[in-house]
Amino acid sequence: MKNITFSADERLIELARLEALQCRTTLNGLFREWLAELAGRSERSRKADQAMRAMSRRLRFDRRPSRDELHER
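In this text, residue positions in the sequence shown follow the numbering used here: the first is 4, and each later residue adds one.
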């Protein structure tokens, strides 16, 4: 595991520590959760972009679908 050093306002750090205590974890634990969620969001976004690109290659936008086509099941 890598160590990271950050600088932040002392009051902000203290408030974050209090939040961590309420969540029964540490400031480090909260940071790890946040980092994992951030990384997961980026991965989901990348996969969604890939899916949209793949779909756009298959879809045609040169004409409007007919009413019947819109309501096909």
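Backbone N, C-alpha and C define an ideal beta-carbon position, used for all residues, glycine too.
If you look at Ala11, you'll find it isn't in any alpha helix (DSSP H); DSSP assigns it neither H nor E.
Fewer than three pairs of CB atoms, one per stretch, sit closer than 8 Å, so the region 28–37 makes no contact with the region 47–60.
Looking from the CA of Met4, the closest CA among Asp52, Ala23, Arg35 and Glu22 belongs to Arg35. Counting only residues of its own chain and dropping the five nearest sequence neighbours on each side, Arg20 has a CB closer than 6 Å to the CB of Leu30.
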